[in-house]
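Protein chains in written order, with my numbering: chain A, 86 to 427; chain B, 86 to 427; chain C, 86 to 427. What follows is one structure encoded as structure tokens, with my remarks underneath.
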Amino acid sequence: MSISTRKAGLKELAEFVDADFHGDPDTQISGIATLELAGTHDLSFFANRKYHKYLLSTQAAIVILKPDDLEQCPGSAILADDPYLSYAKIAAWLTQNTHQTTAIHPAAIIGESTQLGKNVTLAANVVIGQNCLIADNVVLDAGCVIADGVSIAENSHIFPNVSIYSGVKIGKNAIIHSGVVIGSDGFGIANDKGQWTKVPQLGSVVIGDNVEIGSNTTIDCGAIEDTVIEDGVKLDNLIQVAHNVHIGENTAIAGCVGIAGSTRIGKYCAIGGGAGILGHLNIADHVHITATSLVTKSISKPGVYSSGTPLQENALWHKNFVRFKQLDSLARRLNELENKTK
Amino acid sequence: MSISTRKAGLKELAEFVDADFHGDPDTQISGIATLELAGTHDLSFFANRKYHKYLLSTQAAIVILKPDDLEQCPGSAILADDPYLSYAKIAAWLTQNTHQTTAIHPAAIIGESTQLGKNVTLAANVVIGQNCLIADNVVLDAGCVIADGVSIAENSHIFPNVSIYSGVKIGKNAIIHSGVVIGSDGFGIANDKGQWTKVPQLGSVVIGDNVEIGSNTTIDCGAIEDTVIEDGVKLDNLIQVAHNVHIGENTAIAGCVGIAGSTRIGKYCAIGGGAGILGHLNIADHVHITATSLVTKSISKPGVYSSGTPLQENALWHKNFVRFKQLDSLARRLNELENKTK
Amino acid sequence: MSISTRKAGLKELAEFVDADFHGDPDTQISGIATLELAGTHDLSFFANRKYHKYLLSTQAAIVILKPDDLEQCPGSAILADDPYLSYAKIAAWLTQNTHQTTAIHPAAIIGESTQLGKNVTLAANVVIGQNCLIADNVVLDAGCVIADGVSIAENSHIFPNVSIYSGVKIGKNAIIHSGVVIGSDGFGIANDKGQWTKVPQLGSVVIGDNVEIGSNTTIDCGAIEDTVIEDGVKLDNLIQVAHNVHIGENTAIAGCVGIAGSTRIGKYCAIGGGAGILGHLNIADHVHITATSLVTKSISKPGVYSSGTPLQENALWHKNFVRFKQLDSLARRLNELENKTK
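Here it is, written out as structure tokens:
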């Protein structure tokens with residue numbers, strides 16, 4: 086259960102998201118909880134049908150749900166077309182932190198010619214290089230290292246121990262979680278009689294507005310031109326974005342995905358966790374790749390794409406696993422048999 | 086070869102793990118080595134049959150092994166039912182570091198109202214927020230950043246450059262390796278006409294006693310309730326634990342595993358490296374998932390589960406790879422052929 | 086487009102890589118760009134045939150290409166057997182940074198008995214333990230934490246927020262990117278009636294000369310002997326190298342690969358992104374594993390190896406996915422049918 090930072094009533098909350106409601110308009114909530122664990126003063130929501138059984142018995146004072154589910158809700162309700170979206174808006178409003186203290190900690194180190202905007206917060210042991218632009222209301226948490234020539238636009242929040250290499254540009258309202266590395270060298274190596282010669286990585290990274298980047302995700306700089314993350318992109322944790330990748334607006338990528346060099350991913354795409362995308366490919370807008378799929382070719386049509394094999398008990402799986410090696414020969418033998426019996 | 090910090094004889098070592106021994110009870114060892122590389126003053130062990138050839142010719146002074154393998158051991162031996170476990174206990178005892186210096190480095194920064202227990206070690210550039218509880222004998226290495234309201238229980242050791250977000254609770258005897266991030270926002274986004282709205286991540290992370298977490302692993306905070314890691318869980322490196330995941334007691338998870346949001350994993354499970362587990366699933370106790378398998382459904386029965394295809398030479402593999410696309414049609418054609426020949 | 090730090094003419098550049106050229110020997114360039122985006126004062130190269138269309142219309146002043154492609158190049162050209170390699174050498178020369186300032190930042194912390202060579206650069210908040218050897222011309226960027234007894238040889242550059250555990254040895258000319266962890270404990274646990282006992286991790290990590298390690302990659306220390314990375318190895322981002330892995334000279338490994346404990350990978354291997362390699366295996370020299378393959382057995386012959394299934398539209402894929410469970414039974418039924426029709 087999470088405590089709300091402000092009290093609110095049913096009518097007020099419903100109006101905040103332009104929704105109808107059912108129940109006493111003065112029903113008050115003081116916290117937020119799941120359907121299963123909610124107490125009689127909590128707000129909850131019903132969006133994933135897997136949790137239907139908890140709706141029937143929830144003690145929540147108010148549930149945000151679709152109009153069709155109202156009958157099954159024991160308490161008051163806010164009727165929303167998209168309960169998860171309405172919940173997101175209401176929860177943000179209820180838990181808004183209005184008391185951010187801004188300060189430059191004496192143990193922050195700021196390079197020459199670096200410009201700081203208004204209300205910038207630099208925590209202890211932040212290290213900023215030369216010629217950076219840190220815009221208004223930016224928060225850099227402890228242990229962040231920002232190299233020379235970096236720009237970070239208004240209202241961005243960089244969590245502890247993030248490393249940003251020289252020349253990287255980050256847009257407004259960015260949220261960048263701990264351990265993220267942006268602008269490290271791409272994996273550019275050329276073979277010289279068996280030994281590897283490093284190919285200089287001369288580009289940088291340009292990140293648009295309203296981008297969120299999850300913990301320990303890595304984004305390499307471009308080899309010549311820049312790696313580009315467009316506005317509204319959301320990246321989860323432990324994602325690898327190689328040099329010169331281009332990710333289009335409002336694409337969301339789940340954890341542990343790897344994207345190889347120079348691949349372009351369109352707008353409004355969704356990439357499931359653990360997927361791999363090879364290099365130099367083009368992925369169209371509105372493509373959905375399911376979890377742990379491997380993309381080996383460009384995709385020109387919107388749609389949902391998958392690869393992989395089903396989970397089975399190990400002994401059964403092993404029999405099929407071994408047969409996979411015979412798949413082509415099985416197919417040929419079937420062809421022959423068909424010809425024979427014609 | 087590793088040098089032992091204390092000398093010990095065969096009889097003493099065998100008694101330490103309640104085991105029988107074979108050979109001169111006064112046989113002394115002064116170091117630890119593998120069977121292959123051991124010298125005449127080293128202790129070794131034989132647990133993995135892949136290394137059987139090295140047992141036959143080992144120079145080790147003492148080998149910990151199963152009674153059945155004694156005949157093949159050229160030197161002295163400790164006879165253990167589980168040689169690896171006995172080795173673990175003996176090696177810990179032989180290499181125990183008894184001279185930990187504890188101190189608060191002058192370059193450590195400690196927030197208001199934070200309480201430190203006895204014998205706490207804070208290395209240089211540790212940054213701790215406000216209202217934290219750092220219990221007796223805790224060690225925080227250089228560059229760790231601990232946000233407000235975090236509690237870390239007795240005897241826990243946090244290695245360099247770890248980031249812990251506000252409100253996280255860590256139990257006793259934790260070992261948390263470098264680069265780990267605990268409590269970062271979960272990947273909660275709601276779609277609003279194509280654009281993503283952030284869903285506030287209001288929960289935290291609760292970690293039980295005796296948990297070890299490998300380098301650069303990330304554990305997100307819960308969306309509303311907490312993400313929970315129970316007692317005795319062991320996590321390897323580069324694992325992603327999403328919001329509201331619940332991992333049961335004594336489950337061990339190998340490197341590069343990704344676990345999506347709200348999935349519950351039971352007790353005594355073993356998850357192989359690189360496996361992926363989708364969200365909102367229930368995995369029973371005593372389930373073993375083999376390496377790089379993808380779990381797309383809940384698992385209600387203990388057992389070993391797998392997915393994936395075998396490695397082959399690329400040219401052969403490619404033929405089978407392509408045939409996979411025809412698998413359903415092959416099956417239908419086989420059905421037809423069977424009907425025809427009935 | 087990247088600006089060159091020195092001006093150079095066609096003849097001079099061609100001679101630098103021992104290549105013939107075509108065009109006015111005095112053709113000058115002042116920057117580097119891709120074929121697609123090059124302006125009339127830029128150098129470019131043509132190595133990947135996917136970008137052939139851009140060669141035909143490029144405005145680049147000079148293109149590095151194979152002699153056979155000269156006819157299709159609108160401007161001047163350098164004729165190279167391996168254009169990518171020649172580009173790497175020329176680009177390094179053109180963008181060489183000759184003005185590195187070296188200094189020990191006052192906020193760097195250096196332990197007792199640690200020796201620093203000539204021209205060492207220690208940025209702000211670097212923390213170095215006791216008894217380390219930091220050789221000539223080494224650069225440690227801000228926030229790096231180096232534990233006791235570490236040695237780093239000449240000319241190595243460690244980027245921000247890297248963590249190196251005690252006893253690790255790093256060779257000459259290393260490039261280690263942000264967030265890397267070297268020497269953390271391997272995943273050594275022994276089961277004691279359901280609970281896990283930690284197996285002490287007593288070895289360290291030895292890294293040869295000319296090794297590059299990408300962001301947030303983790304390399305565990307050996308359990309008894311050392312984990313070894315030989316000369317010239319190149320590791321990309323977010324790779325997991327478990328305890329006692331041994332990687333042979335000049336092997337290159339792409340991002341998100343996981344290598345389990347005690348596996349030996351030969352020399353001159355190439356491991357594609359996201360691949361998984363199980364523990365205690367031997368991989369021969371000159372083996373190429375394609376992206377996201379799983380290696381479950383040792384490989385004794387050089388060659389290209391793969392596993393995995395093709396990407397398809399989800400609905401089609403799902404039919405084949407389900408049939409995979411029947412693969413063994415399909416094969417048996419085919420056998421029967423063949424016997425029947427004989």
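Ideal Cβ positions, reconstructed from N, Cα and C, are used throughout, including at glycine. Since we're looking at a predicted model, the values are computed, not measured.
query: Contact check, A/ALA327 vs A/ASP311, beta carbons under 7 Å; result: no
query: Against chain B: residues of the stretch 253-266 of chain C by CB proximity under 7 Å; result: GLY264, VAL266
query: Check whether B/THR377 and B/GLY359 have beta carbons under 7 Å apart; result: yes
query: Bridge partners - C/ARG417, DSSP secondary structure assignment; result: Answer is none; C/ARG417 lacks a bridge partner.
query: Through-space distance from A/ILE260 to A/SER198, alpha-carbon basis; result: 25 Å
query: Members of the stretch 322-347 of chain A near chain B, C-beta cut-off 7 Å; result: ASN322, LEU323, ASN335, ALA337, ALA339, GLY340, CYS341
query: Status (buried if at least 16 other CB within 10 Å, exposed otherwise) for B/ASP127; result: buried
query: 7 Å Cβ cutoff met for B/GLY273 and B/VAL284; result: yes
query: Pair within 7 Å by beta-carbon distance, A/ASN367 and A/SER347; result: no
query: Span of the alpha helix (DSSP H), counted from its first residue to its last, around B/LYS352; result: Unbroken run through B/LYS352: none, as it is neither H nor E.
query: Member of C/VAL407, C/LEU396, C/GLN411 whose CA lies at the smallest distance from the CA of B/PHE406; result: C/LEU396
query: Residue span of the beta strand (DSSP E) that contains A/HIS107, given as start and end; result: 105-107
query: Between the CA atoms of B/TRP402 and A/LYS410 - distance to the nearest angstrom; result: 7 Å
query: 8 Å contact criterion, which B/ALA173 and B/LYS151 should meet: CB distance rounded; result: At roughly 15 Å, the Cβ-Cβ gap does not stay under 8 Å, so B/ALA173 and B/LYS151 are not in contact.
query: C/SER300: contacting residues in chain A (beta-carbon distance under 7 Å); result: VAL266, SER269, THR303
query: Min CB distance C/ASN405 to chain B below 7 Å; result: yes
query: Residues of its chain near B/ILE374, where Cβ-Cβ distance is below 7 Å and the 5 sequence neighbours each way are ignored; result: ILE356, GLY357, ALA360, VAL380, TYR390
query: Which of helix, strand or coil DSSP assigns to B/TYR139; result: helix
query: Within chain E, partners of B/THR282 - CB distance below 9 Å; result: Looking at the structure shown, chain E is missing, and the protein chains on hand are A, B and C.
query: Cα-Cα separation between A/SER414 and A/ASP277, rounded to whole angstroms; result: 40 Å
query: Neighbouring residues, chain A, relative to C/PRO395 (Cβ below 7 Å); result: SER392
query: Residue burial classification, A/THR143 (beta-carbon count within 10 angstroms, cutoff 16); result: buried
query: For B/LEU366, three-class secondary structure by DSSP; result: coil
query: Proximal residues to C/LEU287 (C-beta, below 6 Å), its chain only, five neighbours per side dropped; result: ILE309
query: Straight-line gap, C/ASN399 to A/CYS354 (C-alpha atoms, nearest Å); result: 15 Å
query: Cα-Cα separation, C/ILE255 to C/ILE213; result: 15 Å
query: A/ALA93, DSSP secondary structure in three states; result: strand
query: Cα-Cα separation, A/ALA337 to A/ILE350; result: 11 Å
query: Under 7 Å between C-beta atoms of C/ILE114 and C/ILE149; result: no
query: CB-CB length for C/VAL265 against C/VAL247, believed under 8 Å; result: 5 Å
query: Span separating the alpha-carbon of C/ASP221 from that of C/LEU207; result: 12 Å
query: Candidates B/ALA227, B/ASP233, B/VAL313, of which the one nearest C/ASP233 by Cα; result: B/ALA227
query: Under 8 Å by beta carbon: chain A residues contacting B/THR375; result: ASN399
query: Whether A/PHE131 touches A/LEU140 by CB criterion (7 Å); result: yes
query: Proximity test, Cβ basis, 7 Å: C/PRO387 and chain A; result: no
query: Cβ distance (whole Å) where B/GLN215 is taken to contact A/CYS341 below 8 Å; result: Not really, about 34 Å apart at Cβ, beyond 8 Å.
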